[in-house]
Ligand code: SAH
């Protein structure tokens, strides 16, 4: 009888053990590799501990294939969505260790996880968040990692961030009705925007916009579900 109580008390703590988290991370990476996700992105995801970016009570679910709440009614995207979005930044023939040149602007820092992964595949990253509490949460989550090429900004990302322009890429983690003009203006020629957009009926599509010397080329990819892109700060 006594043998049961201690082990059941120990179970939650042992699930959160660092070795278990590493094993869960390896399983996530294995699943994503088996699904054919880009090796450069998976290498970057392998360098960032996702369990440090979710609320502690959800740490044991951090590597599951699901989005998770991060507070303020926002969510961290599921691992395959982050791998998918970031892989759209990597050229097919990129050598291992490839880094996207120039600057990348991320709209929607959230808890900072995707920004941290981005910092491993891009030269310079600016990440903007409109909710002060999340901006501060990301700053706390990222402090120990000392990612010197990642700059967190507090503000409304719908206006982009002109001071860092032109950008090689702009990646949005939130879905708006349309791609803001500021993003198109701040994108370098040869650059790419990856953003979910939402129709009047509430359906979202992942969009890719490439800026060429002669104009914008736009592609609609698969249906997705992201939190809404909102204007202003809170
Ligand atoms: N990539 C994030 C996911 C965050 S969810 C992560 O790894 O955690 C999307 C985020 O976009 C939310 O935090 C939301 O507040 C933010 N957001 C929505 N509209 C925004 C805007 N106009 N400017 C900046 N951030 C915005």
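In full-length UniProt numbering, the protein residues as written are 1 to 234.
A virtual CB, placed ideally from N, CA and C, is assigned to each residue, including glycine.
Here the structure is a predicted model, which is why all the values come from computation and not from measurement.
Kindly indicate the opening and closing residues of the beta strand (DSSP E) around residue 188. As a working note, residue 188 is residue 188 in the chain shown. Start and end: 187-198.
Select from 71, 221, 204 and 17 the residue whose C-alpha is nearest the C-alpha of residue 132. Position 132 of the chain shown, counting from 1, holds the residue named residue 132. Checking every option, the nearest Cα to that of residue 132 belongs to 71.
Are the CB atoms of residue 68 and residue 58 nearer to each other than 8 Å? Within the chain shown, numbered from 1, the residue matching residue 68 stands at position 68. Within the chain shown, numbered from 1, the residue matching residue 58 stands at position 58. One thing to note: residue 68 has its Cβ within 8 Å of the Cβ of residue 58.
Cβ neighbours of residue 28 in the same chain (closer than 7 Å, five flanking residues each side left out): Residue mapping note: residue 28 aligns to position 28 of the chain shown, counting from 1. Here the set comprises 63 and 79.
Which residue or residues does DSSP assign as beta-bridge partners of residue 106? Position 106 of the chain shown, counting from 1, holds the residue named residue 106. In the DSSP output, where bridge partners are listed per residue, residue 106 has 127 and 171.
Reducing DSSP to helix, strand and coil, say where residue 211 ends up. In the chain shown, residue 211 corresponds to position 211, counting from 1. Here DSSP, grouped into helix, strand and coil, assigns residue 211 to strand.
From the DSSP secondary-structure annotation, give me the bridge partner or partners of residue 228. Numbered from 1 along the chain shown, position 228 holds the residue referred to as residue 228. DSSP output for residue 228 lists 175 as bridge partner(s).
N- and C-terminal bounds of the beta strand (DSSP E) containing residue 47: What you label residue 47 is simply residue 47 of the chain shown in a count that begins at 1. Taken as a continuous stretch (DSSP letters only), residue 47 belongs to no beta strand (DSSP E), as it is neither H nor E.
Can you list, in chain order, the residues of its chain with a C-beta nearer than 8 Å to that of residue 238? Leave out the 5 residues immediately preceding and following it. Absent from the model: residue 238. The displayed extent of the chain is 1 to 234, so no value can be given.
Between residue 87 and ligand 1, is there a pair consisting of the residue's CB and a ligand heavy atom that are separated by less than 7 Å? In the chain shown, the residue the question calls residue 87 occupies position 87. No, the Cβ of residue 87 stays beyond 7 Å of every heavy atom of ligand 1.
Roughly how many angstroms lie between the CA atoms of residue 200 and residue 177, to the nearest whole one? Locating residue 200 in the chain shown gives position 200, counting from the first residue. Locating residue 177 in the chain shown gives position 177, counting from the first residue. Taking the straight line joining both Cα atoms gives about 8 Å.
So for residue 220, helix, strand or coil by DSSP? Translated into the one-based positions of the chain shown, residue 220 becomes position 220. Looking at residue 220 - three-state DSSP - the assignment turns out to be strand.
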